[in-house]
Amino acid sequence: MGEPRSGMNGSDEAASGWTRARALRAAAAGGLLAAGGAALGAAGGLRTSAAAPSQRQDAEILNVFLLLERVQDAFYKDAVRRGRLRGELLEYARTVGAQETEHVAFLVERLSGAADPAPRTDFGDVPDGDESFRSTAIELEEATIGAYIAQGANLTREEVGRVAGLVSVEARQAAWIRDLAGQSPAPNAADPPGDPADAVARLRDRGFLR
747 MGEPRSGMNG SDEAASGWTR ARALRAAAAG GLLAAGGAAL GAAGGLRTSA
797 AAPSQRQDAE ILNVFLLLER VQDAFYKDAV RRGRLRGELL EYARTVGAQE
847 TEHVAFLVER LSGAADPAPR TDFGDVPDGD ESFRSTAIEL EEATIGAYIA
897 QGANLTREEV GRVAGLVSVE ARQAAWIRDL AGQSPAPNAA DPPGDPADAV
947 ARLRDRGFLR
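Okay, here's the thing in structure tokens:
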């Protein structure tokens, strides 16, 4: 990952910075439990999801999660394919992109034939620059986490347990890219729910979804 970062306090500060970033990478690769799964208890809502949990509603909600995961998957694949990223950002895109691919496969399997078609995506020149890549990755990760938090409690009990593991991984991914952007990996004691419909609308407004 390159040389440890140096600072005013010398090697001790550099070592602590390196350790923090390395720990975040290890967590994102899969292993540590993180806050996030518990947040599935928060109520939120698709504007069409006011009914009691049911298999039909599960399919609707899981398809929203699938859409957001597919956008992330496409974004990271596009960024790696273009070959502009280097160092830690390239490591992040490869590692997290592989995880998003697994999330997509998991949700398609859970939907058992009821999965919506994959969307058409277009990220323009966003993946070409380090700053635009970082800011967009943060936006996509936070939007996905917000959707899981908002809608998790509207799933049937079986599906809540199955998707909880995805939420914890998304939280670690967000922490990793926030750290690479020089932001706090955990800015809130508890993440707020986000309206999935608003998240999808923003993706369309930015031209990422066609």
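Each residue of the sequence shown is one higher than the last, beginning at 747 in the working numbering.
Cβ coordinates follow ideal geometry from the N, Cα and C atoms, glycine included.
Quick check on residue i: does DSSP put it in helix, strand or coil?
i: Leu955; result: strand
i: Thr867; result: strand
i: Ser914; result: helix
i: Gly940; result: coil
i: Gln929; result: coil
i: Asn809; result: helix
i: Gly907; result: helix
i: Asn900; result: helix
i: Pro873; result: helix
i: Ser858; result: coil
Assuming residue i contacts residue j under a Cβ cut-off of 8 Å, what Cβ separation, rounded to an integer in Å, is found between them?
i: Asp868; j: Phe811; result: That belief does not hold up - the Cβ atoms of Asp868 and Phe811 are roughly 21 Å apart, past 8 Å.
i: Ala896; j: Gly940; result: 6 Å
i: Gln919; j: Val842; result: 5 Å
i: Leu835; j: Asp876; result: 6 Å
Measuring CB to CB, does residue i end up less than 8 Å from residue j?
i: Leu886; j: Ile807; result: no
i: Val915; j: Gln845; result: yes
i: Thr882; j: Glu815; result: no
i: Ala927; j: Arg880; result: yes
i: Ala839; j: Ala851; result: no
i: Ala861; j: Asn809; result: yes
i: Asp874; j: Arg827; result: no
i: Asp925; j: Pro931; result: yes
Take the Cβ of residue i as the centre, count every other Cβ of all protein chains shown within 10 Å, and call the residue buried at 16 or more, exposed below.
i: Pro938; result: exposed
i: Asp819; result: buried
i: Glu855; result: exposed
Give me the Cα-Cα distance between residue i and residue j, rounded to the nearest whole angstrom.
i: Arg948; j: Ile923; result: 20 Å
i: Arg866; j: Arg956; result: 5 Å
i: Leu813; j: Ala921; result: 22 Å
i: Thr847; j: Ala798; result: 30 Å
i: Val946; j: Ala864; result: 14 Å
i: Ala805; j: Gly911; result: 18 Å
i: Arg802; j: Leu857; result: 10 Å
i: Gly833; j: Phe821; result: 18 Å
i: Gly783; j: Arg903; result: Because Gly783 carries a pLDDT of 33, less than 50, the predicted location of this residue cannot be relied on, and no value is offered for it.
i: Ala935; j: Val817; result: 27 Å
i: Ser878; j: Ile884; result: 10 Å
i: Val906; j: Leu853; result: 12 Å
i: Lys823; j: Gly859; result: 25 Å
i: Ser800; j: Gln929; result: 39 Å
i: Asp951; j: Val913; result: 25 Å
i: Pro942; j: His849; result: 17 Å
i: Asp944; j: Gly870; result: 21 Å
With hydrogens ignored, establish whether the beta-carbon of residue i is closer than 7 Å to any heavy atom of the ligand NAD.
i: Leu886; result: In the structure shown, the ligand NAD is absent, as is every other ligand, since no ligand is present at all.
Less than 8 Å between CB atoms is the rule here; does residue i satisfy it with respect to chain D?
i: Leu808; result: Judged by its chain identifiers, the structure shown contains no chain D, having just a single protein chain.
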